[in-house]
Structures are given as C-alpha cells and as structure tokens.
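If you read the protein sequences in the order shown, they are chains A and B.
For the first sequence, the residue numbers in this note's numbering are 262 to 691.
For the second sequence, the residue numbers in this note's numbering are 3 to 230.
Here a beta-carbon is modelled for each residue, glycine too, at the ideal position from N, C-alpha and C.
Below: one structure, written as structure tokens.
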Amino acid sequence: MKPLFTTLSPALTHPAMLVFMGWRNIWRNPVRSLLTVSALAGGLIIVILFSALLEGMSRQMVHYATNLTSGHIQLHRQAYIDDQDLYATLPWDYLTALEQRFPHLTFAPRLQAAGLASSKDSSTGVMLRAVDPKREGKVTVQLDKVAKGRSDLSDNRVLVGKSLAKKLALKPGSELILVTQAADGSIGNAIFIVSGILKPLEPGFDRAGILMSIDNFQQLMVLSEGFHELAVHLTQPEQLPQIQQQLIQAITDLQQQKPLDEWGGAAVVRSWQQLTPMVANMMQMSQSMLTVIGFIVVGLASMGLVNTLLMALHERRHELGILRAIGMKGRHLMLLMLIESFFLALLAALLGAGLGSLAGLWLESHGIDFSSRMPDGYDWGGLVFEPVMTAYLNLTQVAGLSLLMVTVALLSALIPSWQLIKLKPAEVLR
Amino acid sequence: MALLSLSNISKIYQQGELTVPALQEVNLTVEQGEFAALVGPSGSGKTTLLNIIGGLDTPSEGEVMLNGRDMTRLSESELSDFRLFELGFIFQAYNLVPVLSALENVELIMVLQGRPEKERRERAEHFLTLVGLADQMDRRPSGLSGGQQQRVAVARALAAGPRLVLADEPTANLDSENATALLDIMYTLSQDKELQTTFLFSTHDPRVMERARRIITLRDGRIVADEC
Ligand SMILES: Nc1ncnc2c1ncn2[C@@H]1O[C@H](COP(=O)(O)OP(=O)(O)OP(=O)(O)O)[C@@H](O)[C@H]1O
Ligand SMILES: [Mg+2]
Numbered sequence: 262m263k264p265l266f267t268t269l270s271p272a273l274t275h276p277a278m279l280v281f282m283g284w285r286n287i288w289r290n291p292v293r294s295l296l297t298v299s300a301l302a303g304g305l306i307i308v309i310l311f312s313a314l315l316e317g318m319s320r321q322m323v324h325y326a327t328n329l330t331s332g333h334i335q336l337h338r339q340a341y342i343d344d345q346d347l348y349a350t351l352p353w354d355y356l357t358a359l360e361q362r363f364p365h366l367t368f369a370p371r372l373q374a375a376g377l378a379s380s381k382d383s384s385t386g387v388m389l390r391a392v393d394p395k396r397e398g399k400v401t402v403q404l405d406k407v408a409k410g411r412s413d414l415s416d417n418r419v420l421v422g423k424s425l426a427k428k429l430a431l432k433p434g435s436e437l438i439l440v441t442q443a444a445d446g447s448i449g450n451a452i453f454i455v456s457g458i459l460k461p462l463e464p465g466f467d468r469a470g471i472l473m474s475i476d477n478f479q480q481l482m483v484l485s486e487g488f489h490e491l492a493v494h495l496t497q498p499e500q501l502p503q504i505q506q507q508l509i510q511a512i513t514d515l516q517q518q519k520p521l522d523e524w525g526g527a528a529v530v531r532s533w534q535q536l537t538p539m540v541a542n543m544m545q546m547s548q549s550m551l552t553v554i555g556f557i558v559v560g561l562a563s564m565g566l567v568n569t570l571l572m573a574l575h576e577r578r579h580e581l582g583i584l585r586a587i588g589m590k591g592r593h594l595m596l597l598m599l600i601e602s603f604f605l606a607l608l609a610a611l612l613g614a615g616l617g618s619l620a621g622l623w624l625e626s627h628g629i630d631f632s633s634r635m636p637d638g639y640d641w642g643g644l645v646f647e648p649v650m651t652a653y654l655n656l657t658q659v660a661g662l663s664l665l666m667v668t669v670a671l672l673s674a675l676i677p678s679w680q681l682i683k684l685k686p687a688e689v690l691r
Numbered sequence: 003m004a005l006l007s008l009s010n011i012s013k014i015y016q017q018g019e020l021t022v023p024a025l026q027e028v029n030l031t032v033e034q035g036e037f038a039a040l041v042g043p044s045g046s047g048k049t050t051l052l053n054i055i056g057g058l059d060t061p062s063e064g065e066v067m068l069n070g071r072d073m074t075r076l077s078e079s080e081l082s083d084f085r086l087f088e089l090g091f092i093f094q095a096y097n098l099v100p101v102l103s104a105l106e107n108v109e110l111i112m113v114l115q116g117r118p119e120k121e122r123r124e125r126a127e128h129f130l131t132l133v134g135l136a137d138q139m140d141r142r143p144s145g146l147s148g149g150q151q152q153r154v155a156v157a158r159a160l161a162a163g164p165r166l167v168l169a170d171e172p173t174a175n176l177d178s179e180n181a182t183a184l185l186d187i188m189y190t191l192s193q194d195k196e197l198q199t200t201f202l203f204s205t206h207d208p209r210v211m212e213r214a215r216r217i218i219t220l221r222d223g224r225i226v227a228d229e230c
C-alpha cells in the first residue's frame, strides 16, 4: 500500500504528513481517544439540549407575547401612539388594500376609547376595546380566553375583565350601562349585556377592560371613519423583518395614493419586539446565557482533552525528542498535537451533534410534561406558560455550538501543545 | 579543513549545590570519511559530547566547528535545519515513529527536507535495500526486531544525505551478532565514495570497537587516548 502522504502533491506534503501522523496517533490508544471524544460529545449534547429547550421556551414566549393580544406587528397613527388621540384613525380603505396586497397575512382592526361603566351598585372608569370577532380570531386568541359565560359580542353583548367584573359585581347576563364622550361631542350612552368574563391576560385590561364589537363601538362613539390599531399575524414569524419592511413600503404607497389627514400624523409600523421590548430583551438575555453556559460546559469537557494530551505527551516524549533531534521543529510538533486535538474534537462534534439532534428532536415531539406537579403551568417573565416544556431544535444553532466546541477544544489544546515548543531533546532522550 | 573540530569544550552540569563536570577541555578533530568510536566507562561523557556535537546541548565553554560553521552561534531554528540537512542521528533504541512503516519512517526526514516525492521514495527504497530490509519496508516498527529497527534508523540517517552521522550506543540493545552486523553495514556505507559519510559512534562493546578505524577514549570528561 502506498503511504498516504507520498500520494499527495509535494507542495502539500509537509502539513499532509502531519495530518497523516496525527490521524494514526489518535488510534494508538483507541479507548482513551474514545473516552475523550465521549466527554466532549457529552458536553456538546448537554449544550444542544439546553439550547433546544431554551429555544422552545423562547418560541412559546413569542407565541404568548404575540398571540394573546398583540399580534406580530401593529399599525397606528403617530398621534394615537403619542396620546391615544380618538380621532387619529387609519381609514377602512387601508385595511381592504392591505388585505388584498398581503393575502397570506391576517389583519385585525381595533378601536379603543375611555368611558364610564355603571352596574346596579356602582360605577367606574373603563377602557373600551372594539374588535371584529371574525378577523380577531385569526390574529389573536383573546376572544377565546373566557373564564365564565360565553364569548359572544353579537347584538349588545360585551366581555369584561375579571377584576372589573368583581368590582362592579357583574356576572354573565348582568346589565351594564356605558357612558362616553362620543367623537361628535355628544354624550354616548347605551345598555349592554355581559356575555362572559375574560381571563386575566394583561393586568390593565383585567382591571378596566371591556371588549365589544366594532359595530357597537361605532354607534356608541359615533366614529366610523377608521380604526386605531391594526394587528397583523404572520404564519411564519421568522420572516418578520422582511414583512415589516414590506408593510412599511405598502403603507407609504397607500399614504401617497390616499393621503391621511394631517393632525393624526403618519402611519407607524412596529414589530412585537418594539411593542414589548421587555420580552425581546429577555430573549436576548437567554441567548447570552446559552453562550456562557455553553462555554462553561464545553470548557469543562475540554479538560478531559487536556488530560489526554498531557498523558500522550508524557508517554511519547522519547519519540518526540527523536523527531526534534532529526530536524523537526518545535512548531511542527505543536501543530501535530493540535491536529490530533482537531481530529478528536471533530469526531466529538459529529457524534455530539448527531446524538444531540436526535435527542433534541425527541424532546421537540414529546416535550417534558410537568402537568402532574404543576397542573396550571408556571409563571416566567410575567407570562403564564403551559406545564409542558417543548424543545425546538435549530440546526444553525447546533452547527454554531459544534463550532464553539471545536474552538474551545483547540484553545485548551494549546496549553499542552505549547510545551512542545520548549521540548529539549537532550533531556527527554536521556 | 577538518569536517569537525572541537576546541576547549567544557560542560558543567549544575545539580542543585553540586556542579558536575561532564566534559573538561576537550579538543578533537574528525576528518571527512572517518569511522570513529567514542569509548569510555559509564559517566565518562560520551553522550554529552555527542549531544554537543549534534547541537542538542550547548557547551559551557569552547567552540564546535562543523563543516565550517560554529554550532554554538546558531539559533534554535538554524540548529534544527542544520540537524535536518547535515547530521544523522541513531540512538540506542526506539528510534522510529511507531505509527509509520519502515518506508514512511525513512521518508519522513526527506519530507521535512522538501525533497520531491519520487526522489524520496527511490532513496528510501534504495537505503532500506542496502541495510537488507527490502522485504520489510511496509512493516511498522512493532513488527520488526530490535536489530531491524536499528537498521531502519541507519537507512533513515543516510537517506537524508548527512555529512556526519552521530550514533550513541547504537548496538547497546542488540546481541553481539546483530551488533557486529549493524556495524558492518555502517562501515560499508561509510566506505561509499559517493556518500562520503563520516561516522562517530559511542560504544561499550569490545567487538564493536574492533570494527572502528579510530578509537577515542574518554575518562572523567577528558580524552585520555586517541588511536588509529
Ligand atoms: N542533565 C544532567 N544533569 C546533571 N548531570 C548530568 C546530566 N547529564 C549528564 N550528567 C552527568 O555528566 C556525566 C557524563 O554523562 P554522560 O551521559 O555523557 O556519560 P556517558 O559516557 O554517556 O555514560 P553512559 O555510558 O552510561 O551512557 C555523568 O557524570 C552524568 O551524571
Ligand atoms: Mg551515554
């Protein structure tokens, strides 16, 4: 059999020879090499699973942050953002135009106003939110989150927040009088029936919120020109940045075709990250946490590699001394040891990424079920999570973590390899 | 000009409080083509002297001129190259890289020297045949006897085309039959007019000494006899 390094081109022979020797060297003590590889691979698997669970949690968090009430993207007029100006509406034409232009997105228009609600016993200030039940159902789940009664906004029926219901002693079927200052300056005033009590989703809305249909709102407020808020739902949330850009473009076009009144300001397109920066920050923090934990776990696993290399260095010091004596340079020996480390790390990366991905996929389809111990789920970062932790395996993430592992392993291999530079043949050959 | 000339070489090892004079004012010249033995009792300084000549160790005092260059003034990297191109080494045992075959072991130095593939292949095969290992070229060291391994080391040293081959007790681990056979091979190669290789080897073995054309005797770090 022709030796490998002689079959490679002369220009390549030098490093190729070291690669050849390095590969054979790692099989000199297969058990030790495999143990080293296993330790590194085990570290990588732990990090991959941790990242998959974190990613699953993040996705759940995004899901809650977006699907409960806000949607992925929202449109408002600037004046509405600044001081909830009742008159700062976007025209209904815009909704029709956007729905035509983006058939794969779903849109939910909303209106909001302040008012005074009275029940038999007492009265209090309230926040009215009007939605289009058919469209809203395709963007958020807020209409489904009913604790008592039914979710029904037809005729003169409304849904009220749980704390507000308590304060006004309302039950499904109770009557409620709403008094407002309508858009035309008149006093709006009407009787509504409570069809259901909403579960707490947002603290503010729970204390003062009343959910009604847009038709009822328009009659009560005498405001039919447009809507205050447009929530947008994406079927593929990872496309958010592009879609946000497309929406900005579309809205700019629309404003040229159908100019808006001046006092309400321009239309503003914001993503959920811009709307709820706290949640977005928290997700970024969990990313940095993953990096730190990744470094620690992989760094610890690399200590096994360092140990293996130190042992190999000790066992082979006679041979290394001879190589040095016959004319090999210290840096060649160092490179040889780094090549061996690279092979070990590469094997570990393949093994770890493979097994880690399999385990991650299993967790993705099965999840970790805590429901026996925590039937109501758990509270984290101000949101209520379901008691099943689902993982999400991100292959880019797996590749990145494998690369991190190889890098950390090579960096730690520098510690023992460095000693080869200073190796004195006369001393080791004695 | 002599191939090798040592003038006033001293080597003092420091062992804690203790100073060990391993070599004291050694003067020696070796001409090209010589086949010389370095003999003397254990601890007399043979290894120390060979290491200093080979640039593996530095003298405490004195000058080593090898092929017109002062070894004591070369940098670490220059010494590496000097050893690679001008010197051959044969040690007592375990000379070879265990993960490489006999042929690959011989080629290894020539790869480092940057010789083209075809040339190094031919030279490796040529020298392995000269030392009688034509049929064992693809074996790894573990599949060769001690004597065969030492012969591979001789082939490796010579294939690189050195001026001077330094061998520190190359026969110490061999029985006398293998030892004399190895010496005969080395002697034959030293007589090759084209190679013009000089040999300097240390030994305890009287039978090996018989083969030498010159015997340099060391005692307590000094040359006490030098006879042809
Ligand atoms: N690194 C060292 N530190 C201290 N003393 C040393 C060192 N190397 C050699 N010596 C001493 O120098 C002297 C010469 O040693 P050297 O190894 O050159 O002898 P030698 O002739 O090769 O012996 P042997 O026949 O046993 O191989 C000895 O006294 C030895 O103890
Ligand atoms: Mg010795």
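With its beta carbon less than 7 Å from one in chain A, F91(B) belongs to the interface. Taking the Cα positions, V667(A) is about 36 Å away from R123(B). DSSP places Y325(A) in the uninterrupted alpha helix (DSSP H) bounded by 291 to 326. Ligand 1 has no heavy atom closer than 6 Å to the beta-carbon of Q26(B). Cβ-Cβ distances below 6 Å link S46(B) to L220, R221 in the same chain, with the five nearest sequence neighbours on each side left out; the list follows chain order. In the DSSP assignment, M388(A) forms a beta bridge with A375(A), G470(A). Rounded to the nearest whole angstrom, the CA to CA distance from R117(B) to L191(B) is 22 Å. For N29(B), the enclosing beta strand (DSSP E) covers residues 20 to 32. Per DSSP, M539(A) has no beta-bridge partner at all.
From the beta-carbon of S62(B), no residue of chain A is found nearer than 8 Å; the closest lies around 14 Å away. Looking at the DSSP output, K195(B) shares a beta bridge with no other residue. Here the C-alpha atom of Q150(B) lies approximately 8 Å from the C-alpha atom of L135(B). For L584(A), the CB contacts under 7 Å within the same chain, skipping 5 residues up- and downstream, are L594 in chain order.
Look at the segment 276 to 295 of chain A: the residues with a C-beta under 7 Å from a C-beta of chain B are M278, M282, R285, N286, R289. Contact annotation, F201(B) with M211(B): C-beta distance approximately 13 Å; criterion of less than 8 Å not satisfied. Taking A162(B) as the centre and dropping the five residues before and after it, the same chain places the C-beta of L86, F87, G90, I111, M112, Q115 closer than 8 Å to its C-beta, in chain order. Counting C-beta pairs closer than 8 Å gives fewer than three between the segment 425 to 436 of chain A and the segment 482 to 493 of chain A, which falls short of the contact rule. In the assembly as shown, D170(B) is a buried residue. Its beta-carbon has 16 or more other beta-carbons within 10 Å. Checking the 6 Å criterion, the Cβ of T49(B) is within range of a heavy atom belonging to ligand 1. Close to G56(B), with beta-carbon spacing below 8 Å, are these residues of chain A in chain order: A586.
In terms of beta-carbon proximity, Y96(B) lines the interface with chain A, with at least one pair separated by less than 7 Å. In this structure, S79(B) has its beta carbon at no less than 6 Å from each heavy atom of ligand 1. If you draw a 10 Å sphere on the C-beta of S82(B), you find 16 or more other C-beta atoms in it, and that means buried. By the beta-carbon neighbour count (other beta carbons within 10 angstroms, threshold 16), M564(A) is exposed. Among the residues of the segment 571 to 584 of chain A, those with a Cβ less than 8 Å away from any Cβ of chain B are H579, E580, I583, L584, in the order of the chain. Beyond the five residues adjoining it in sequence on each side, V649(A) comes within less than 8 Å, by CB distance, of G628, I629, D630, F631, S632 in the same chain, given in chain order.
At least one CB atom of chain B sits nearer than 7 Å to the CB of K590(A).
Within the same chain, and ignoring the five residues on either side of L671(A) in sequence, the residues whose Cβ sits closer than 7 Å to its Cβ are L599, S602, F603, A606. Chain A places a beta carbon closer than 7 Å to that of D59(B), counting this residue as a contact. A distance criterion of 6 Å places the beta-carbon of Q17(B) in contact range of ligand 1, judged by its closest non-hydrogen atom. Among the CB atoms of chain B, one or more fall inside 7 Å of the CB of P686(A).
Contact annotation: L301(A) and A511(A) have beta-carbon atoms that are not nearer than 7 Å.
Per DSSP, the unbroken alpha helix (DSSP H) holding F478(A) starts and ends at 475 to 482. Looking at the backbone, the Cα of G591(A) and that of H206(B) are separated by about 32 Å.
Membership of L6(B) in the beta strand (DSSP E) is indicated by the continuous run 6 to 17. Pairwise C-beta distances place the segment 348 to 364 of chain A in contact with the segment 327 to 340 of chain A, as three or more of them are shorter than 8 Å.
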